Structures are given as C-alpha cells and as structure tokens.
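Visitor: Below are the structure tokens for one structure; questions will follow.
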Amino acid sequence: MTRREWLAGTAVAGALGAQTAGPKNTVVSSENGLRACEVAIAYLARGKDTLDAVIAGVNVNEEDPNDTSVGYGGLPNEQGVVELDACVMHGPTRRAGSVASLRGVKTPSKVARLVMEETDHIMLVGEGALRFAKSYGFKEEDLLTGKSRLAWLVWKRSLRDGSGHNNWTDGLDAPGRPSAALKVAFPEADEETLAWAVEQVLRPPTGTINCLALNRKGEISGVTTTSGLAWKIPGRVGDSPILGAGLWVDQDVGAAGSTGRGEENIRIAGAHTIVENMRHGMNPKAACLDALKRVARNFADDRARLEQFDLNFYALRKDGEYAAAALWDTRRRGGRMVRTKFAVNVDGSGRLEDTAFLLSRA
Ligand code: GLY
C-alpha cells in the first residue's frame, strides 16, 4: 500500500480534505455595494451562478433612485439625459458582454449579459444597444428623477459667460430681478437636497458600482455598472463598460474592477493590469497599489493634479484573498472628508472595510 492509499482510508485524509476545500463564498464591491453584496452572497448560498449573483446584487443600486451614480436616477449628461454604461464577465465560460451610452433602460447590467449570451458581439452602444434591449422586452423609461433633474438644473444655472450672464436664471426683464438664489428658484427642494446638488455641481462625481463574486467551487464573475460622469458630453464613455479597465475576470487567477474617474483608469487598463499583477505573484493589495502607481506616474506624481479626482480598485483572487485600494485615503461626502471604504461579504458576514491607499491628504 502506498502512503497516499493509506492516507485515503484514514480520518487524517478527511481532515486534510477539509483544509484543502475550496474558498469561502466571497463578494467584494465598492462602498455603495453593501446591500448588493448581501443579495449576491444569498444567491451564492443557494448555489446560484456567480454572474447571476453579482447582477442581482447591482440591480439593487441600478433600480434605486437614491443612488445617483448608477442606473435609474443617475446624474445625466449635459443635455439632461441619463446615459448608462455596464459590462459583465463570467469566469467559468470566459465570456463577456458590454453596453455603453444606453438610454432609457434602468438595468444596463442585464442588457450587457444579454449581449454576452444572445449575440456574437461583445459590446453594443447607444441607439443600437437600446433597440437590442427593447427587442428583448426591456421597457424604455425616463431615468431622470426629480432629484437628478434638480441637480442638472442647478448645474445649468452655474454656467456663466464672460460677463457672468447665464440664460438659465432670471432674465433681465424679470420683475424685481435678480433672484438667482436656489431656495427661491426651487422652493420645493429642502436644504439638504440643495446642498447635495451644489456639491454635485462643484465636483461632478463618477460614482459607479463594481461587484466581484467567488463561490466555493472557485468560480468567479464580475460586473461594473454606472451612469458615468455627471454632466458629460453626450456619448462620453467611461471605464465601466471597457473590458480590461472597469472590469476584468480571469478564471485562472481572479477578478478586478474599478470606480472613480474612468479616463484615468482607461489610460492604464486598470482591471486587466491588476489581474495580471496577481497572475505574476502580487497579492490583491499590492496588485491594486501598483495600478494606482501607474496612474500617478501618468501625472508625473503631481499631487495637485492627482488631488482633482478619485480612483478606486477592487481585487478578488481565486483563493478568496481580496483587497481594495484608492488613490486617496479620504473622499468628500456631504461637504466633509471621510475615510475611503469598500464593501465585502464572506459567507454571509458583510461589512465596510477601509481601503488601502496610495496617497494621503493629511
Ligand atoms: N468610473 C465611471 C466613469 O468614469 O464613468
């Protein structure tokens, strides 16, 4: 009898088997994804596919009018039209799908999945993406909510010509003019909403949700979905639907995704870079930080220019080790600086954790 055969018949083998069992069900997401992680982990616990899990997770944000960086209620382009970007990758089948500049459909992640499953293409954009979605029964809706419309109007009112004039405020002929005060212009909006709107105008956000899932069989999938940069030029596409930038999944290695200023991520193909870093031996944290160093390098490490945007990376390795890293240790929320965080759920235990970071504002 060989040693292996002997071990196979003993209790020791059972114990060793348990130790080498697969990873735990793990879902990693951006800070706005705590609930998405919870939904996704419940899917995994029921033995559902990892892509089903992450899409169900981010659907929570896409359908939530209060998440103004994703799906329904997302901040619109400069013409007041919400344009959505999303992509998905399914590790086990090594397939991917993507949509960009999609108008009128609340859940672009579901449309990206249909592109993956039902077409011989990878990416559909604009009018073609909408027609495709409608042919599969998606309803075309106005995605602008009262809140995102208000923020857009506040942005319009903030634009000035050389003499300080703006066509979207009281005209020269208005009786008793001028009254550009927002409280007068929008009497139904409460102070908190107006302050929020001003904040969106001063610092146009690039929100987004990224969600990555790993199950006990070691299968991995991911999704990234967004309404993109607020007040963008119509047709602007960020990193979220760009495979290799906003998301990358390699079933042999792991997955990575991103939120924040897409232009800077595209310039380093962030998600692909991170997965390749992990393939070559870096742990998820080191892999994300290396990607951020490449971003900083593109600005010759000039803090003043780097300070003008946020960028976050998330990574989940095939063995269950995960990390997130941000360009900056803190980010602005409601007029104050807060520690940059990300969401994670391991086997039903969900929490926000601090990200690693490249630079400190301190
Ligand atoms: N990361 C989202 C965007 O830049 O559109």
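Take the sequence shown: its letters are residues 1 to 362, numbered as in our numbering. Ideal placement from N, C-alpha and C gives every residue a C-beta, glycine not left out. The model shown is predicted, which means the values in this text are computed figures rather than measured ones.
1) Rank Gly334, Gln200, Trp168 by C-alpha distance to the C-alpha of Ala185 and give the top, closest one.
2) So for Ala197, helix, strand or coil by DSSP?
3) Residues in the same chain with beta-carbon distance under 7 Å from Ser179, minus the five sequence neighbours each way, listed in chain order, please.
4) Whole angstroms is fine: what's the gap from Leu153's alpha carbon to Glu321's?
5) Shorter than 7 Å, the distance from the beta carbon of Leu229 to the closest heavy atom of the ligand GLY, or not?
6) For Asn32, which option in Gly244, Arg294, Val344 has the closest C-alpha, if you only look at C-alpha atoms?
7) Just to confirm, are Ser221 and Met89 a CB contact at a threshold of 8 Å?
8) Using beta-carbon positions only, say whether Val275 and Asp250 come within less than 8 Å of one another.
9) Residue ranges of each alpha helix (DSSP H) run of no fewer than 4 residues wholly in the region 36–98, ordered along the chain?
10) Do Arg35 and the ligand GLY come close, with the Cβ less than 7 Å from some heavy atom?
11) Within its chain, find whatever has a CB closer than 8 Å to the CB of Gly17; leave out the 5 residues flanking it on each side and keep chain order.
12) From this set, Ala326, Trp155, Thr206, which residue's C-alpha is nearest Ala291's C-alpha?
13) For Gln200, count neighbouring Cβ atoms within 10 angstroms of its own Cβ and tell me buried if that reaches 16, exposed if not.
14) Report the three-state DSSP secondary structure of Thr224 (helix, strand or coil).
15) When you measure from the CB of Arg261 to every non-hydrogen atom of the ligand GLY, does any distance come out below 7 Å?
16) Flag this pair as touching only if the region 41–54 and the region 232–247 have three or more C-beta atom pairs under 8 Å; answer yes or no.
17) Please report the distance separating the alpha-carbon of Val70 from that of Thr206.
Guide: Taking the definition as stated:
1) Looking up residue 185 in the sequence shown gives position 185. Ranking Gly334, Gln200, Trp168 by Cα distance to Ala185 puts Trp168 first.
2) Counting from one through the sequence shown, the residue named residue 197 turns up at place 197. The answer is helix: DSSP assigns Ala197 an H, G or I state.
3) By one-based count along the sequence shown, residue 179 stands at place 179. Bear in mind that a pLDDT of 49 at Ser179, under 50, signals an unreliable position, so the model cannot answer this.
4) Reading the sequence shown from its first residue, position 153 is the one you call residue 153. Reading the sequence shown from its first residue, position 321 is the one you call residue 321. Straight-line Cα distance between these residues: approximately 44 Å.
5) In the sequence shown, the residue the question calls residue 229 occupies position 229. At least one heavy atom of the ligand GLY is nearer than 7 Å to the Cβ of Leu229, so yes.
6) Position 32 of the sequence shown holds residue 32. It is Val344 whose Cα lies nearest to the Cα of Asn32.
7) To locate residue 221, count along the sequence shown from 1; it is residue 221. To locate residue 89, count along the sequence shown from 1; it is residue 89. Between Ser221 and Met89, the C-beta spacing is below 8 Å.
8) What you label residue 275 is simply residue 275 of the sequence shown in a count that begins at 1. What you label residue 250 is simply residue 250 of the sequence shown in a count that begins at 1. When the beta-carbon positions are compared, Val275 and Asp250 come within less than 8 Å of each other.
9) 50–62
10) Within the sequence shown, the letter at position 35 stands for residue 35. Outside the cutoff, so no.
11) Here residue 17 is taken as the residue at index 17 of the sequence shown, counted from 1. Residue confidence for Gly17 is low, a pLDDT of 40 falling below 50, so the modelled location carries little weight; the figure read from the coordinates is stated next. For Gly17, where only same-chain residues beyond five positions count, there are no Cβ hits under 8 Å.
12) Position 291 of the sequence shown, counting from 1, holds the residue named residue 291. Cα-wise, what sits closest to Ala291 is Ala326.
13) Along the sequence shown, one-based indexing puts residue 200 at 200. By the neighbour-count rule (16 or more Cβ atoms within 10 Å), Gln200 is buried.
14) One-based indexing of the sequence shown puts residue 224 at position 224. The answer is strand: DSSP assigns Thr224 an E or B state.
15) Counting from 1 along the sequence shown, the entry for residue 261 is found at position 261. Correct: Arg261 has its Cβ closer than 7 Å to the ligand GLY.
16) Not touching, per the Cβ criterion.
17) Position 70 of the sequence shown holds residue 70. Position 206 of the sequence shown holds residue 206. Here the alpha carbon of Val70 sits roughly 9 Å from the alpha carbon of Thr206.
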